[in-house]
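Let me begin by presenting the structure, written as structure tokens, before commenting on it.
Numbering (our numbering), first residue to last: 12 to 288.
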């Protein structure tokens, strides 16, 4: 991840250009009670070494040393950061503090979902608006705060921008397995899931979509058109997948997850696409 300005870290992935920003003469070690420092040091000590050069963790503000017993020690040093900053591995020097991912959100949909890493804010990957169709121009609109799909006038494409394939029939095509991209996952407290496939099943009374983290997300009565919205509650989380089918084999929509009973879990609101397997 690459960190930006404002609430974001100066350097989540430090390189040689950052050396001038982090080099200072003092050398006051931070207490090892910081969660990030403990994790970084524990990971380093799991490595064996014969020289200190083998212990380089890529974080400019840590003192990397091969200690007695042939194990690595990576000690965070605030003195190697600018005034007002602290050294938080693996992010490096930071003045932006956070506890959860939502503390880092910058209200820019298109630059992706920011993440809290070891007490500092980091940018996530830019928003991927690809719908998997060659018949649309896909882009992210920062003003609208959503993905925009512009139909292209190409051979084999219909005027709505979809492939000239089987038209969507809600009585037939709300069935089967679909790839979900990007895959969604969460691991915090009692919540743990990863989902890259969903299975649609329509009956006379409901539309049911199965896949972690629920036994079934439901819309009742079932939709009569290409737009759907299924929801479920499991444990402390409430999950919703909504979207619109452009043809029999693909849809575009959003995945949302809220965790009212799990304060350590970060909410999700992500643009997704589905393609029939």
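Using N, Cα and C, we set each Cβ at its ideal position, and we do this for glycine too.
All values derive from a computational prediction rather than experimental measurement.
By the three-class DSSP mapping on this structure, what secondary structure does residue i have?
| i | result |
| --- | --- |
| residue 153 | coil |
| residue 159 | strand |
| residue 99 | strand |
| residue 148 | strand |
| residue 7 | Any answer about residue 7 is impossible in this case: the structure gives the chain only from 12 up to 288. |
| residue 63 | helix |
| residue 122 | helix |
| residue 115 | helix |
| residue 192 | strand |
Using alpha carbons as the reference points, say which of the options lies closest to residue i.
| i | options | result |
| --- | --- | --- |
| residue 204 | 240, 250, 179 | 250 |
| residue 231 | 287, 177, 247, 218 | 218 |
| residue 119 | 239, 187, 157, 206 | 157 |
| residue 216 | 182, 272, 260 | 182 |
| residue 256 | 244, 112, 287, 145 | 287 |
| residue 200 | 137, 275, 180, 87 | 275 |
| residue 132 | 103, 150, 160, 151 | 103 |
| residue 263 | 121, 281, 243, 81 | 281 |
| residue 59 | 71, 78, 70 | 78 |
| residue 4 | 233, 273, 209, 226 | With the chain represented from 12 up to 288, any question about residue 4 goes unanswered, as that position is not in the structure. |
| residue 268 | 247, 190, 69, 284 | 247 |
| residue 197 | 273, 62, 165, 284 | 273 |
| residue 135 | 163, 152, 144, 117 | 117 |
| residue 252 | 189, 145, 235 | 189 |
Whole angstroms is fine: what's the gap from residue i's alpha carbon to residue j's?
| i | j | result |
| --- | --- | --- |
| residue 36 | residue 93 | Model confidence at residue 36 stands at a pLDDT of 35, short of 50, so the residue's coordinates are unreliable and nothing is read from them. |
| residue 241 | residue 89 | 48 Å |
| residue 138 | residue 155 | 14 Å |
| residue 228 | residue 86 | 47 Å |
| residue 73 | residue 91 | 8 Å |
| residue 185 | residue 194 | 20 Å |
| residue 82 | residue 128 | 25 Å |
| residue 245 | residue 223 | 10 Å |
| residue 101 | residue 109 | 15 Å |
| residue 71 | residue 238 | 50 Å |
| residue 233 | residue 96 | 54 Å |
| residue 80 | residue 69 | 22 Å |
| residue 206 | residue 243 | 14 Å |
| residue 115 | residue 192 | 24 Å |
| residue 149 | residue 140 | 6 Å |
Going by beta-carbon coordinates alone, are residue i and residue j separated by less than 9 Å?
| i | j | result |
| --- | --- | --- |
| residue 98 | residue 84 | no |
| residue 214 | residue 221 | no |
| residue 112 | residue 277 | yes |
| residue 179 | residue 259 | yes |
| residue 177 | residue 160 | no |
| residue 279 | residue 142 | no |
| residue 254 | residue 285 | yes |
| residue 144 | residue 261 | yes |
Taking the continuous beta strand (DSSP E) assigned at residue i, which residues delimit it?
| i | result |
| --- | --- |
| residue 87 | 82-87 |
| residue 238 | 238-245 |
| residue 212 | 202-213 |
| residue 286 | 279-287 |
Would you mind reading off the limits of the alpha helix (DSSP H) that contains residue i?
| i | result |
| --- | --- |
| residue 181 | 181-184 |
With 9 Å as the threshold, decide whether the Cβ of residue i is near any Cβ in chain C.
| i | result |
| --- | --- |
| residue 105 | As a matter of chain content, chain C is missing from the structure shown, which is built from one protein chain. |
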